[in-house]
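Taken in sequence, the protein lines are chains U and B. Quick note on the working numbering: the first sequence kicks off at 279 and runs consecutively. Quick note on the working numbering: the second sequence kicks off at 279 and runs consecutively. For every residue, glycine included, the Cβ atom is placed at its ideal position computed from N, Cα and C.
Protein chains: 2
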Amino acid sequence: MRIALCQINPTVGDVDGNAAKIAAWIERARDAGAELAIFPELCVPGYPAEDLYLKRHFLAANVAAVEELAKGVEPGITVLIGFAEPAEGGGDYRHAYNSLAVLADGAVQHVYRKNRLPNYSVFDEQRYFIPGEAADATEVAGTRVGLTICEDVWSPGGPGQAAADAGARIVANPSGSPYHRGKGHEREEMFGERAREYDSYFAFVNLVGGQDELVFDGQSFLLAPDGSVLARAAQFDEDLVVVDVPLEDGAPAPSAEPLPDLDEVYGALVLGLHDYVEKNGFRHVGLGISGGIDSALVAILAVDAVGPERVSMVVMPSPHSSEETQDDARQIARNLGTELLDFPIEPMMDGYAEALGDVLDGLAAENIQARIRGNLMMALSNRNGWLVLTTGNKSEMSVGYATLYGDMAGGFAVIKDVPKTLVYQLVERRNERAGRELVPAAVIERPPSAELRPDQLDSDSLPDYDLLDRILEAYVERDQGSGEMVAAGLPAEIVDEVIRLVDRAEYKRRQAAPGIRITPKAFGRDRRLPITNRFGG
Amino acid sequence: MRIALCQINPTVGDVDGNAAKIAAWIERARDAGAELAIFPELCVPGYPAEDLYLKRHFLAANVAAVEELAKGVEPGITVLIGFAEPAEGGGDYRHAYNSLAVLADGAVQHVYRKNRLPNYSVFDEQRYFIPGEAADATEVAGTRVGLTICEDVWSPGGPGQAAADAGARIVANPSGSPYHRGKGHEREEMFGERAREYDSYFAFVNLVGGQDELVFDGQSFLLAPDGSVLARAAQFDEDLVVVDVPLEDGAPAPSAEPLPDLDEVYGALVLGLHDYVEKNGFRHVGLGISGGIDSALVAILAVDAVGPERVSMVVMPSPHSSEETQDDARQIARNLGTELLDFPIEPMMDGYAEALGDVLDGLAAENIQARIRGNLMMALSNRNGWLVLTTGNKSEMSVGYATLYGDMAGGFAVIKDVPKTLVYQLVERRNERAGRELVPAAVIERPPSAELRPDQLDSDSLPDYDLLDRILEAYVERDQGSGEMVAAGLPAEIVDEVIRLVDRAEYKRRQAAPGIRITPKAFGRDRRLPITNRFGG
Numbered sequence: 279m280r281i282a283l284c285q286i287n288p289t290v291g292d293v294d295g296n297a298a299k300i301a302a303w304i305e306r307a308r309d310a311g312a313e314l315a316i317f318p319e320l321c322v323p324g325y326p327a328e329d330l331y332l333k334r335h336f337l338a339a340n341v342a343a344v345e346e347l348a349k350g351v352e353p354g355i356t357v358l359i360g361f362a363e364p365a366e367g368g369g370d371y372r373h374a375y376n377s378l379a380v381l382a383d384g385a386v387q388h389v390y391r392k393n394r395l396p397n398y399s400v401f402d403e404q405r406y407f408i409p410g411e412a413a414d415a416t417e418v419a420g421t422r423v424g425l426t427i428c429e430d431v432w433s434p435g436g437p438g439q440a441a442a443d444a445g446a447r448i449v450a451n452p453s454g455s456p457y458h459r460g461k462g463h464e465r466e467e468m469f470g471e472r473a474r475e476y477d478s479y480f481a482f483v484n485l486v487g488g489q490d491e492l493v494f495d496g497q498s499f500l501l502a503p504d505g506s507v508l509a510r511a512a513q514f515d516e517d518l519v520v521v522d523v524p525l526e527d528g529a530p531a532p533s534a535e536p537l538p539d540l541d542e543v544y545g546a547l548v549l550g551l552h553d554y555v556e557k558n559g560f561r562h563v564g565l566g567i568s569g570g571i572d573s574a575l576v577a578i579l580a581v582d583a584v585g586p587e588r589v590s591m592v593v594m595p596s597p598h599s600s601e602e603t604q605d606d607a608r609q610i611a612r613n614l615g616t617e618l619l620d621f622p623i624e625p626m627m628d629g630y631a632e633a634l635g636d637v638l639d640g641l642a643a644e645n646i647q648a649r650i651r652g653n654l655m656m657a658l659s660n661r662n663g664w665l666v667l668t669t670g671n672k673s674e675m676s677v678g679y680a681t682l683y684g685d686m687a688g689g690f691a692v693i694k695d696v697p698k699t700l701v702y703q704l705v706e707r708r709n710e711r712a713g714r715e716l717v718p719a720a721v722i723e724r725p726p727s728a729e730l731r732p733d734q735l736d737s738d739s740l741p742d743y744d745l746l747d748r749i750l751e752a753y754v755e756r757d758q759g760s761g762e763m764v765a766a767g768l769p770a771e772i773v774d775e776v777i778r779l780v781d782r783a784e785y786k787r788r789q790a791a792p793g794i795r796i797t798p799k800a801f802g803r804d805r806r807l808p809i810t811n812r813f814g815g
Numbered sequence: 279m280r281i282a283l284c285q286i287n288p289t290v291g292d293v294d295g296n297a298a299k300i301a302a303w304i305e306r307a308r309d310a311g312a313e314l315a316i317f318p319e320l321c322v323p324g325y326p327a328e329d330l331y332l333k334r335h336f337l338a339a340n341v342a343a344v345e346e347l348a349k350g351v352e353p354g355i356t357v358l359i360g361f362a363e364p365a366e367g368g369g370d371y372r373h374a375y376n377s378l379a380v381l382a383d384g385a386v387q388h389v390y391r392k393n394r395l396p397n398y399s400v401f402d403e404q405r406y407f408i409p410g411e412a413a414d415a416t417e418v419a420g421t422r423v424g425l426t427i428c429e430d431v432w433s434p435g436g437p438g439q440a441a442a443d444a445g446a447r448i449v450a451n452p453s454g455s456p457y458h459r460g461k462g463h464e465r466e467e468m469f470g471e472r473a474r475e476y477d478s479y480f481a482f483v484n485l486v487g488g489q490d491e492l493v494f495d496g497q498s499f500l501l502a503p504d505g506s507v508l509a510r511a512a513q514f515d516e517d518l519v520v521v522d523v524p525l526e527d528g529a530p531a532p533s534a535e536p537l538p539d540l541d542e543v544y545g546a547l548v549l550g551l552h553d554y555v556e557k558n559g560f561r562h563v564g565l566g567i568s569g570g571i572d573s574a575l576v577a578i579l580a581v582d583a584v585g586p587e588r589v590s591m592v593v594m595p596s597p598h599s600s601e602e603t604q605d606d607a608r609q610i611a612r613n614l615g616t617e618l619l620d621f622p623i624e625p626m627m628d629g630y631a632e633a634l635g636d637v638l639d640g641l642a643a644e645n646i647q648a649r650i651r652g653n654l655m656m657a658l659s660n661r662n663g664w665l666v667l668t669t670g671n672k673s674e675m676s677v678g679y680a681t682l683y684g685d686m687a688g689g690f691a692v693i694k695d696v697p698k699t700l701v702y703q704l705v706e707r708r709n710e711r712a713g714r715e716l717v718p719a720a721v722i723e724r725p726p727s728a729e730l731r732p733d734q735l736d737s738d739s740l741p742d743y744d745l746l747d748r749i750l751e752a753y754v755e756r757d758q759g760s761g762e763m764v765a766a767g768l769p770a771e772i773v774d775e776v777i778r779l780v781d782r783a784e785y786k787r788r789q790a791a792p793g794i795r796i797t798p799k800a801f802g803r804d805r806r807l808p809i810t811n812r813f814g815g
């Protein structure tokens, strides 16, 4: 049987646009001789559409699109598409199933309902969907194809095993599986186990694209019953992979090689930013560039995501900004070929100093500089329709080393889930790939500083980033308590101080712009902690 | 049997503090001769503690507290307390049950596990807890007491009915049931049905207190088997209600009368603000006061919540601020007896105008005024440790009629769930209760204006608030589509425009401060929509 893995990038809520794309890809699959075309989970309404799934008129619109698509399916091909199926009688507080429509011969032949609904990490599917209770399969060209959706196969047993036990030779698994670093490898390992348990071929078809905080990385694949990868689709891009099952001996199957680790993270960030810009209809992005490593990374990401002609960089020096960092900032803009604007902030600092007198001291004086810059960026955004990118990294967001309404002002926080140590690695790797210093070496080598007072260094207030990032990984990503961390060899005093800082910064993070998740636990829908919280760690 | 309804206000995460409070209240209940003392749901760890429930060391701390409390329970009284019970073997991604410990004779006698876990609206209990599967009861002084927790009894059947069928004469229902307008009445109606179905007494014991967005209103009660209210605890305050079952004929039971509608909403706002301030350890709050109705309401609420000596008001006039509104602002501060600070913003407006030139036009020029004010408030906060209160109402937050990092700058958005029409009613009612014009009549009568350009009125940009609030209620609170709204008589063109505005403002709301939920659907954990969303309505 010839199978098409249809790895598409739909847009949440764009039911008509998604349906048009699916129709075009069904044609492409047919033209390639496919007998079975598999599309990702919930590709008609988009995923995750969150509380849109609670709106009955949204459900009605996505059903109408499925029915219209079915009419266009000519004999000879079976198509699996994901949609939100309204519950008859209305359900409880939920009104829908997370379903797969089997389209063939101009009609919806039947519907499979996802059995296992994830409700952890970034997932809230039990808020929206009623679980299905039956396994299901469909007959394609004389072969039985088991139907599952994403989470259904993330543990043994369940509807995948049941379908295999009932004779399925191929298990299809349309998915909406979001990225974190190394996730593609995890999936191939785990689904390899499933293929062996099922003793069947296994077709994983993932979404690709950015949706607010999430990136779907694609990397769909077809596994043989022994778990080996027969074909693999691209990461971070749409891809149509057509492959015959069983493969003729020696026949080549299309297989994209997985990207190396740092390039993979970089690719996720580029796609997440690109899609946030494009799906929200922004024509241009702007960012403040300081000459520091964080804004340097965001600058290259922006240029790689939307092109230099759609990026403006703004240098906003204060009396505390060194000539060297300003020069580096301007050099980065020149290297990348973007517009560069220059707005010294001293006149406005003087205005506030005059109005506020001795109120403006210490922290208040530092923050006002960041906030003047935030105001300038937002004025430029108001005037020019820019999406303003913020440049804070995960280490800073964790401990609250950032100014609300200052450097945190903006619509998208591109690297908010990238720890500082990884920021350096990504910049170095990007320079390496460019074969030249897109980011000057001095930016990488200079000790980090917010430059909000004379001779300020991050290390005045924070532990070394190597140590900080290790503590943060244990506390934020692995939910460890101080006892566990200290037992693992981390220094008690610093651990306690970091925990205190992270907990106290919750109110800032609550008002932060969304940004792209690249770790197993990002701030956002992934880590939900109260602001009012007296538990120390 | 003598029952004590122990309506306490715990703090999320403060396991030791909560346990100490519970121990003290057990003593009070014993002193009053109670044989059964019922505390609210999850009162030991606090509720909702969100992802704290995923931390194993947090679970361990709350178990230790329960065991310690049990040791102190002397013969003659049975105590029901809510805690998060770690799952043996660790569970799946969840590690705990939402449980009730039955304490008597110095030990935990047994544990009931909540069967029905709500996962809709503001609730995410299926993210945290494994459902229990058995009904349960305990014997107190020869009477069988059925054990349930909150959601267990929100529909017929289930563990409440099972316990009654097995002979329970009283069904206990420790709860964490958050407030919305009119909720107390809804509960008494619905639980009256349960009491009749069970043919038993029904003891609802609710949390009281504010927790970030939520207010728990208390209003615990004891119902007779015919559904009538035998005793009722206070709203918005801790209360110990001791009552005998069955009541002797003619014996009086302690019963607080429910507050009238507007006073109830007002009470919820005062408690929510009070607890946010106190539980987060703020000594002082500040707000910008414009002479408009919204900041007037927040000002009175602040004074009622923490007292005038802990409130500072800041007048920040621009050249567009009329003398009348400034005078009214100052009058309100005088009427309420708070500190009043004055910072004209023109010098800073000039600074930005000089630096930005023709960038500063139209919307940018309007927003910069709001952002200068935001900066001033935050500088005062940095200097003095204030919690800054924002003053935007629900109507404005819905349509995005607010400036990010400007009037939206602050830590707590007190009235963000209060529609504009209700803002007026609350101020009028508060004046009435005061017997004088705490808020001058001119503030109530003047047409609303943001005063960001000459002669600006809200009605230049928005429909009349009466109409706007009707559309918002249908769209935001009831998830209706435009077709449904127009069919109900709302004007099509305005409906479509309001939907567009609400959808487009999602990115602003994502960066808004948390505020107090008083309607059945607030912005926040209650309404989760993607920013990237092409569905029109």
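Taking the straight line between their C-alpha atoms, what separation do you get for residue i and residue j?
i: residue 796 of chain U; j: residue 499 of chain B; result: 49 Å
i: residue 718 of chain B; j: residue 680 of chain U; result: 41 Å
i: residue 391 of chain U; j: residue 430 of chain U; result: 10 Å
i: residue 531 of chain B; j: residue 404 of chain U; result: 42 Å
i: residue 674 of chain B; j: residue 518 of chain B; result: 40 Å
i: residue 806 of chain B; j: residue 781 of chain B; result: 12 Å
i: residue 570 of chain U; j: residue 633 of chain U; result: 31 Å
i: residue 603 of chain B; j: residue 568 of chain B; result: 7 Å
i: residue 707 of chain B; j: residue 693 of chain B; result: 16 Å
i: residue 526 of chain B; j: residue 280 of chain B; result: 12 Å
i: residue 672 of chain U; j: residue 746 of chain U; result: 11 Å
i: residue 473 of chain U; j: residue 507 of chain U; result: 11 Å
i: residue 493 of chain U; j: residue 457 of chain U; result: 6 Å
Listing by chain order, which chain U residues have their CB less than 8 Å from the CB of residue i?
i: residue 626 of chain B; result: 626, 629, 630 and 633
May I ask which residues mark the beginning and end of the alpha helix (DSSP H) holding residue i?
i: residue 336 of chain U; result: 334-349
i: residue 554 of chain U; result: 539-557
i: residue 748 of chain U; result: 743-750
For residue i, which residues in chain U fall below 7 Å Cβ to Cβ?
i: residue 641 of chain B; result: 660
i: residue 646 of chain B; result: 653 and 657
For residue i versus residue j, is the C-beta spacing smaller than 8 Å?
i: residue 481 of chain B; j: residue 510 of chain B; result: no
i: residue 575 of chain U; j: residue 794 of chain U; result: no
i: residue 524 of chain U; j: residue 316 of chain U; result: no
i: residue 589 of chain B; j: residue 563 of chain B; result: yes
Along the beta strand (DSSP E) that carries residue i, what are the first and last residues, could you check?
i: residue 577 of chain U; result: Residue 577 of chain U -> not in any beta strand (DSSP E); alpha helix (DSSP H) instead, spanning 571-584.
i: residue 376 of chain U; result: 374-382
Using a Cβ cut-off of 7 Å, pull out every chain B residue sitting near residue i, in sequence order please.
i: residue 637 of chain U; result: 657, 658 and 661
Which chain B residues are close to residue i, counting only those with a beta carbon under 8 Å from its beta carbon?
i: residue 430 of chain U; result: By Cβ distance, chain B contributes nothing, its closest Cβ being about 15 Å from residue 430 of chain U, past 8 Å.
i: residue 289 of chain U; result: 810 and 812
Compute the minimum distance between the beta carbon of residue i and the heavy atoms of the ligand ZN, and state whether it is under 7 Å.
i: residue 415 of chain U; result: You won't find the ligand ZN in this model; it holds no ligand whatsoever.
Output needed in chain order: residues of the stretch 291-307 of chain U with a Cβ under 8 Å from some Cβ in chain B.
Answer set for the stretch 291-307 of chain U: 291, 292, 293 and 295.
So if I threshold CB-CB distances at 8 Å, which residues from the stretch 763-775 of chain U count as touching chain B?
Of all residues in the stretch 763-775 of chain U, none has a Cβ within less than 8 Å of some Cβ in chain B.
Report the residues of the stretch 789-812 of chain B with a CB closer than 8 Å to any CB of chain U, ordered along the chain.
When C-beta distances to chain U are compared with 8 Å, the residues of the stretch 789-812 of chain B below that value are 789, 790, 791, 792, 805, 806, 807, 808, 809, 810, 811 and 812, in chain order.
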